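Numbering (UniProt numbering), first residue to last: 1 to 208.
Quick reminder that beta carbons are idealized off the backbone N, C-alpha and C, glycines included.
Just so you know, these numbers come straight off a predicted model, no measurement behind them.
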């Protein structure tokens with residue numbers, strides 16, 4: 001099993017998703033490798049109401065280096081075909097987005113759902129804590145809108161999100177994107193595709 005620990009708020013996770021997809025595409029034995037998206041909230045205490053932009057938040061973290069870091073992230077994203085607009089993305093609580101991803105996984109749509117959530121937040125600047133936004137995104141990923149509405153109006157999949165986060169702690173996952181293969185040590189999911197492919201091929205060969 002390949003577990004990918006990620007959070008919608010993380011631009012590196014969107015870049016990592018592209019690189020992981022590229023790396024897996026040419027791995028012999030890919031059909032024997034189950035990919036599971038795991039929840040990891042970067043800021044569990046965040047508000048559901050958007051505030052400052054991601055770029056503005058980075059100024060608080062990195063000071064004078066923030067502009068260079070934003071430019072680097074955007075350039076690396078562009079190299080993967082992504083338009084990462086850190087001046088439009090506004091961090092919010094992602095707990096419900098993670099619950100939605102769990103619902104999608106139960107319907108075989110985890111990859112589609114994660115892709116739609118990433119694009120909504122990082123490219124379109126949408127509030128991924130807003131139930132109405134999440135309902136629309138879920139439908140666009142292939143889920144029934146009424147099912148998404150039912151899940152978001154209750155606490156379905158909350159236990160699944162918490163279980164992912166407990167497992168992350170047990171495995172030593174400290175940041176995202178992190179990849180774990182067959183309960184092994186976590187490693188960065190934002191490595192170049194060639195490096196990731198080598199790791200995945202080693203795992204595939206072990207299943208022969």
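On the DSSP letters alone, give me the boundaries of the alpha helix (DSSP H) that residue i sits inside.
i, result
"residue 157", "From DSSP, residue 157 is part of no alpha helix (DSSP H); its letter is neither H nor E."
"residue 22", "11-25"
"residue 107", "Residue 107 -> no alpha helix (DSSP H), and no H or E assigned at all."
"residue 138", "131-140"
"residue 93", "No alpha helix (DSSP H) contains residue 93, which DSSP labels as neither H nor E."
"residue 195", "193-205"
Output the distance between the C-alpha atoms of residue i and residue j, rounded to the nearest integer angstrom.
i, j, result
"residue 54", "residue 107", "31 Å"
"residue 223", "residue 112", "Residue 223 is absent from the model: the chain starts at 1 and stops at 208."
"residue 36", "residue 77", "23 Å"
"residue 96", "residue 117", "11 Å"
"residue 88", "residue 205", "43 Å"
"residue 27", "residue 2", "13 Å"
"residue 32", "residue 183", "16 Å"
"residue 145", "residue 136", "7 Å"
"residue 82", "residue 159", "32 Å"
"residue 62", "residue 161", "30 Å"
"residue 190", "residue 148", "30 Å"
"residue 152", "residue 102", "12 Å"
"residue 175", "residue 4", "11 Å"
Within 9 Å of any Cβ in chain C, is that where the Cβ of residue i sits?
i, result
"residue 19", "Checking the listed chains, one finds no chain C in this structure; it contains a single protein chain."
What does DSSP give as the partner residues of residue i in its beta bridges?
i, result
"residue 3", "36 and 180"
"residue 188", "178"
Could you name the residues of the same chain whose beta carbon sits closer than 6 Å to that of residue i, not counting the 5 residues immediately before and after it, in chain order?
i, result
"residue 133", "126 and 127"
"residue 203", "181"
"residue 156", "none"
"residue 64", "none"
"residue 193", "19, 22 and 23"
Could you name the residues of the same chain whose beta carbon sits closer than 8 Å to that of residue i, not counting the 5 residues immediately before and after it, in chain order?
i, result
"residue 93", "41, 43, 44, 45, 46, 47, 48 and 129"
"residue 165", "39, 40 and 41"
Q. Which runs of the beta strand (DSSP E), 3 residues or longer, sit entirely within the stretch 49-83?
A. Whole beta strand (DSSP E) segments, 3+ residues: zero.
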